[in-house]
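A quick write-up on the structure given underneath.
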Amino acid sequence: GPGRSARWLNDFGDLRHDADPVDWVELIPFDETRNYVMRVAEALPIYRARIHGTPAPVITRWDLSGGGAVPPPPARLTLAL
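Take 130 as the starting number for the sequence shown in the numbering used here and just add one per residue.
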């Protein structure tokens, strides 16, 4: 029920602050719920890309922690060879 997620946030940590999203999802004690949460997390960047009309990015911790608006793209890296 609705109280479970609040209890998990209390027991496992808050994804918006200190909890590792991958570890947090793995701690969900119900297989079906854990699988559902994983599928939603996987689809998040796809839906975000469709809404914003941009290519789908790779899922990041930002996505899993409820980061809100899409973060700015990372700075371009230059590799010295």
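For glycine and all other residues, C-beta sits at the position ideal for the given N, C-alpha and C. These figures come from a predicted structure and were not determined experimentally.
Contacts around residue i, its chain only, beta-carbon distance under 6 Å, and the 5 residues preceding and following it disregarded
{"i": "G142", "result": "A148"}
Extent of the continuous alpha helix (DSSP H) run through residue i
{"i": "A170", "result": "D160 to H181"}
Chain-order list of residues whose beta-carbon lies under 8 Å from that of residue i (same chain, five-residue window excluded)
{"i": "P184", "result": "A178"}
DSSP three-state assignment for residue i, whether helix, strand or coil
{"i": "A105", "result": "Any answer about residue 105 is impossible in this case: the structure gives the chain only from 130 up to 210."}
{"i": "D143", "result": "coil"}
{"i": "G130", "result": "coil"}
{"i": "L138", "result": "helix"}
Straight-line gap, residue i to residue j (C-alpha atoms, nearest Å)
{"i": "T162", "j": "G182", "result": "30 Å"}
{"i": "W153", "j": "G132", "result": "17 Å"}
{"i": "V166", "j": "R136", "result": "16 Å"}
{"i": "S134", "j": "A172", "result": "20 Å"}
Residues of its chain near residue i, where Cβ-Cβ distance is below 7 Å and the 5 sequence neighbours each way are ignored
{"i": "I180", "result": "none"}
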